[in-house]
Structures are given as structure tokens and as C-alpha cells.
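Taking it in order: structure first as C-alpha cells, then the write-up.
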Amino acid sequence: MNDRGVVLAQARMAILVALRTPRVLIFTAAFPLILLVLFNSIFSKGGNETTTLPGDLKLSAEAYFTAGIIAYSVALSTFATLAVSLTTQRENGQLKRYRGTPMPPWTFIAAQITRASAQALLMTALLLGVGAIAYGVPVPASTFPAFIAYVLLGTAAMCSLGIALSAFTPNPDAASTIAPFSVVMLSFVSGVWIPVDQLPSWLETVGKVFPLYHLALGLQTTLAPGASGTGLELGNVVVLLIWCAVGIRIASKRFKWEPQAAKA
Amino acid sequence: MPPVSEAAITVSGLRKSYGEHEAVRGIEFEVAAGEVFGFLGPNGAGKTTTIEILEGYRERSGGEVSVLGVDPGAPTRAWRNRVGLVLQECELDPLWTVAEAVSLFARFYEKPRPVAETIDLVGLGDKRDARVATLSGGQKRRADVAIGIIGDPDLIFLDEPTTGFDPSARRDAWNMIEGLKALGKTVFLTTHYMDEAQHLADRVAILRDGRIVAQGRTEELGDDLGRRTVIGFSLNGSLSAEDVRGAVPTSQVAVAGNRVEIETETPQPDLYRLLELAEQRGVELDELEVRRPSLEDIFLELTRAEAQES
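From first to last, the protein sequence lines stand for chains D and U.
When you read off a place in the first sequence, starting at 1, and then add 15, the result is the number in my numbering.
When you read off a place in the second sequence, starting at 1, and then add 22, the result is the number in my numbering.
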């Protein structure tokens, strides 16, 4: 038996399920694209560098919102998707059924992460492509590796936190309310919908605690034409790594395979 | 294949408590390799707790358990390869097709059965590309059984496999379970249907309040417990209850209206004398029947107190 094959077979099935659930496609694929178009149409300043990041780095509204919505989309594709789908599969007994087979538990988790990451990377490519082609968002070659690094780090942190959250959401309804709602709320204080320089400082401080702020800021920095060096900033990287570790720690201690609702 | 003499499951002194509540209170039984073992009891008797301990899902509070030579409290991957499960409810993603679901589970096992053949075996051949969500209750249950046997296990746990089946689907399921036995598999069966246990099980154990109140070979259980055969008929003509009592003096005769029931340990001579009496009087015995105690009679009697409590 080949464990990698087991991971891929499960990832393929998870992708099939997602493709057969129109709600998932609308919320995680169509929604960010629509937001990208909306924000760029409303706030476009014709590509002038009008938004200022910490460190006096300037970039266009288009680049700012494209990077922010990529961060939002990564969070939806990984954090929210995993919390909802793992809670659903746990409550309908699928996870318990898996535990009764010789399938190694890690292969299941790896498959779910593969499916979520694939979605996050696909959405990133799609949003960045639309941003570059339709709204002239620059993609500086010097900082592009850092852009990829942020997407991967953000994906890792959000995956681990999504798995961790699923341990606390008692049913699919709760998960599909709490997870997307918290992403939308955090987006307000993380520079996704509103540039952080327009927030009261205490709200920005709240945003800084959470990983979405640092993912968005990291991506925005790497799309700023004036970014120095690689564009990778220690502060953002460290916060994302810490949240990734926190998620892994909680998930490995608290993850549950059996339905939590008392069966009648 | 293990030798036939080897026990597939041995359980002794098994106990399980949830806080103050003792769900299983020291039970003991053995399941021989290759037999169908019926595990019966009313709801709340501790059936599910016990089966989940044997399946490796739940830890026990005390006692010794061995399933295929392994302690299910520490399940290994090799052990899981030899054990097939059919849980109480359908646990397949409604968006999968039958063939996708069975193929996925086939990947988990070292030596799976062929997927198409297994789907045919459970009678879902024409539903292989149907999504699980579109299957009827009975068809979902068959998909569960396909998943349970796809790994070609030596031992199969079937937890209420025919709940919600119509009579013809139940017959099909019985044939399938008999097919598994013919392949040399050991089957651990729980069911609410006593006719099902009577038909399929070589031996049964009846659980009540966390204790086994009876166990033995299915057809001998009544005899072992001293349950008697009943001869019943309706009085007519010149035959009176006193005449009947005189004919079978060693047996218990109960009369309700004109219905007579004779409880007897010696059914053959009693029946002979009764027919002789009827012949002499020129009377026809209406609605004559001879009833051995069914598993259902025994079960109801042994678990009656439990049923009234709940």
C-alpha cells in the first residue's frame, strides 16, 4: 500500500465534493472575484500610487485591494473551508468511519490540506492574473518570490487554524457561520476592505494580533514597486509562523474524529 | 485464514463505566472463527458500547478482550486490515457515487476485493454511478456493507444491518450474510429482529442491563433455559378442559375462553394422547398448533423488565 496514493485519492475525492457543491464554489471562488472587480471599480485612482503602507511604501489602490483580496481569498479557501468541511464530515460520521479502516489518520489530514491549498493557490493565481491584466497591477520580479512565500506561509497558518477551529465548532451550521464571519470581520481591521492607515490606531492594533493582517500587509508590500530587498519582512513572517504553530498545537491536542452531537 | 478452532473473539470480565453509570457489567463470551454470532439486547442494554469496544473505538474500564488475537484497546493497522465494519448509520459522503466511495475505501486496504464485483455482490450493480444521496435507505445500507467488506476482512461487525429494509431486501441481505459465512468469514451481528438472529446466527448472547442473561446455540437456547413446547387448540364439541387435563396429567394446561394451551416437556406423548382423545370423541381440534419457544419469546421474557423501565 502506498500512502502517498492514499493521500491523493482522498484529496481527489475532497475536490470532487467541492466541485459538486455550488455553494462552495460561489462563496470561495466567485465571491472574491466579484469583490476584486467591485473594489477596483469603486476605488480605482487610475493606477496612481495613493495608498501608503507602514514604512512610507506607496502603491496603487488597485495593487492594494488585489493583494488584500488575495489574502481574504486564501483565508476563505483554507481556514473557513477546512473548519466547515471537517466539522461536517465529523458530524455526519465520515471521520469515525475512516478511523475504523487501516487508513493512517495523517493521510486524511494531509489530503484535506492538499485540497484547501490547491484551492488557495488557484484562487491566488486567478486573482493576481485578473489584477495584472485588467487593472494593471504591477508584479515586481524582485519581490515575486516573497509574494509566493507569503501565500504559502499564509496558507499553512490558515490551514492549521481552520483544523484547530473545527475542534470547537459543534455542528456544520455553527462552523459555516463562525468561520466565514470571522474572516470577513478580521478583513475590516487587516487592510483588506479598508487601508489600515485609515483605521483608528487601536483597531489597527487589534488587527495586528491576527494572521490575516500580516498576510495582507506582506502581500501588499511585495506588490509595491518601491519595496526594498526581497520584500520579506521578519515581523510578518514571525507572526504567521507563530499562528501556524498555535494551530498545529491546538489541532493535534483537540481534533476529534467522533460526532459531538448526541445521536437520538 | 486462521484455523477454525481458533476463537475470533474472546471477552472475559468486560466492564465499561461512564462516570457513575456502569453500561457493561462484567460480560464473558467467545466467538469461534467462521461462525455467525448474534449479539442481542434491548436499547440501552450495552450492545453499542460492547461492539464499539470490540471495534477499537472505545476504551474499556476493565476485563480482557481479544479480537483476532489483538487487544482492540490498542488497534494496529495490520489488525484493521483484517476487520470489516458496518456501523449503525450510513457514513458515506452524500455527494460521492457508489463506485467512488467503494474505490476510495479499497485504497485503504492491503488486499482489497475487486470493486465492481463487491458492488455487484451487495446488489448495487445498476446503482454504481448513482450518488449516495439518491439511494434509498436499503440501498445506502448495502453501500455500507460493500464498504465494510471491501478490505476482504476475516471478521465483520454488522451493527443492525437490515434496519429499515422491506421484507424482500431483508431476504437479500440474509442471503448475502450467509454468503459471507460460506466464504469462511466470522460475523458479529447485532439486530433488533429476532427472526433475523434465529435465521442467521449459529449462536446468540442476550444482553440486559449490561449483563449477559442467556447465551448458547440459537436452536438450543430455549431448551437450555427450560422453556417448554406449547400445544394450542380451541375447544369444541363435547371436549372440556377437564377432559384435556385428564389426558395430559403431567403437563400444565391453561384455558382462556375456549383456547387451550398445554405447556409440556413431553410434547410427543402429550400430542398422541390428545389426538387419541379427539378421535374417540369424534371431535376436530380447531386451530391446532405446536410451538417451540422462538428466540423472540425467549428474548421478550428475558428482557421484559428492561422494556418496562424504558
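Even for Gly, the Cβ is constructed at its ideal location relative to N, Cα and C.
No experiment lies behind these values; they were computed from the predicted model shown.
* To do: Please name the residues in the stretch 73–101 of chain D whose beta-carbon is closer than 7 Å to at least one beta-carbon of chain U, in chain order.
  => none
inquiry  = Between Q330 of chain U and chain D, is any beta-carbon pair separated by less than 9 Å?
reply    = With a pLDDT of 48 at Q330 of chain U, under the threshold of 50, the modelled position of this residue cannot be trusted; read the value that follows with caution. Chain D, which has no Cβ nearer than 9 Å to the Cβ of Q330 of chain U, makes this no.
Interface residues of chain D around D151 of chain U at Cβ under 7 Å? Per Cβ cutoff of 7 Å: no residues; D151 of chain U is ~13 Å from chain D at best.
Chain-ordered chain D contacts of N103 of chain U [CB-CB under 7 Å]
P117
Check your understanding: Does the beta-carbon of Y150 of chain D have 16 or more other beta-carbons within 10 angstroms, so that it is buried, or is it exposed?
Key -> buried
### Task
Could you give the DSSP three-state label for I131 of chain U: helix, strand or coil?
For the record, residue 131 of chain U in the displayed sequence is Tyr; it is not Ile. Coil.
| query | Looking at chain D, which residues of the stretch 126–140 of chain U have a Cβ within less than 8 Å of any of its Cβ atoms? | reply | L126, F127, R129, F130, Y131 and E132
Using only the alpha-carbon positions, how far apart do W272 of chain D and P160 of chain D sit?
38 Å
Spatial distance of G259 of chain U from N280 of chain U (CA atoms) | 11 Å
Note down, in chain order, each residue of its chain lying with its Cβ closer than 8 Å to the Cβ of N186 of chain D, except the 5 sequence neighbours on either side. T102, E106, Q275 and A276
- Are the C-beta of K271 of chain D and some C-beta of chain U separated by less than 9 Å? no
Exercise for review: Please state if the CB of D231 of chain U and the CB of A55 of chain U are separated by a distance shorter than 9 Å.
Suggested key: no
Worksheet entry | Where A231 of chain D falls: helix, strand or coil (DSSP) | helix
Point to revise | Coil, strand or helix - Y294 of chain U by DSSP | key: helix
**Prompt:** Should Y294 of chain U go down as buried or exposed, given a rule of 16 or more other Cβ atoms within 10 Å for buried?
**Reply:** exposed
ask   = Counting contacts by CB-CB distance shorter than 9 Å, is N55 of chain D in contact with chain U?
value = no
Item checked: E222 of chain U (DSSP reduced to helix, strand or coil) -> According to the sequence provided, residue 222 of chain U is Leu. The question's Glu does not apply to it. If DSSP states are grouped into helix, strand and coil, L222 of chain U belongs with the helices.
query = Closest Cβ-Cβ distance between E113 of chain U and chain D: below 9 Å?
reply = yes
- Item | Outcome for D188 of chain U when other beta-carbon atoms lying within 10 angstroms are tallied against a minimum of 16 | exposed
Contact set for G159 of chain U: own chain, Cβ-Cβ below 7 Å, skip 5 residues either direction = G186
| said: Within 9 Å of any Cβ in chain D, is that where the Cβ of A67 of chain U sits? | reply: no
Practice item. Sort U:L307, U:D217 and U:R314 by Cα distance to P289 of chain U and report the nearest one. Key: U:R314
- Item | For S216 of chain D and I41 of chain D, the rounded distance between their alpha carbons | 34 Å
Along the stretch 17–38 of chain D, where does the CB come closer than 8 Å to a CB of chain U? Name the residues.
G20, V21, A24, Q25, M28, L31, V32, R35 and T36
| field | Under 8 Å from the C-beta of R112 of chain D: neighbouring residues of chain U | value | L107, L109, E113, L114 and I169
Practice prompt. With DSSP as the reference, label L180 of chain U as helix, strand or coil.
Written response: strand
> Whose CA, out of U:I178, U:W101, U:Q161 and U:V312, lies closest to the CA of L58 of chain U?
Replying inline: Per the sequence presented here, residue 58 of chain U reads as Val, with Leu not at that position. Minimum Cα distance to V58 of chain U is reached at U:I178.
Check: For chain U, is any of its Cβ atoms less than 9 Å away from the one on N186 of chain D?
Finding: no
Are the beta-carbon atoms belonging to L282 of chain U and V305 of chain U less than 9 Å from one another? Position check: residue 282 of chain U holds Val in this sequence, whereas Leu was assumed. The answer is no: Cβ separation not under 9 Å.
Which chain D residues sit within Cβ distance under 8 Å of W118 of chain U? M28, L31 and V32
Can you find the residues in the same chain that come closer than 8 Å, C-beta to C-beta, to L34 of chain D, ignoring five residues on each side of it along the sequence?
L40
Margin query: Considering only DSSP beta bridges, list what F59 of chain U is partnered with.
Written below: U:F210 and U:R225
Which residues mark the beginning and the end of the alpha helix (DSSP H) in which Q192 of chain U is found?
-> Reading off the sequence shown, one finds Arg at residue 192 of chain U, where the question assumed Gln. Where R192 of chain U is concerned, the enclosing alpha helix (DSSP H) stretches over P189 to A204.
> When the Cβ atoms of the stretch 133–144 of chain U are set against those of the stretch 72–90 of chain U, are three or more pairs found closer than 8 Å?
Replying inline: no
key: Which of helix, strand or coil DSSP assigns to D148 of chain U   = helix
For chain U, find out if any of its Cβ atoms is closer than 9 Å to the Cβ of N107 of chain D; answer yes or no.
yes
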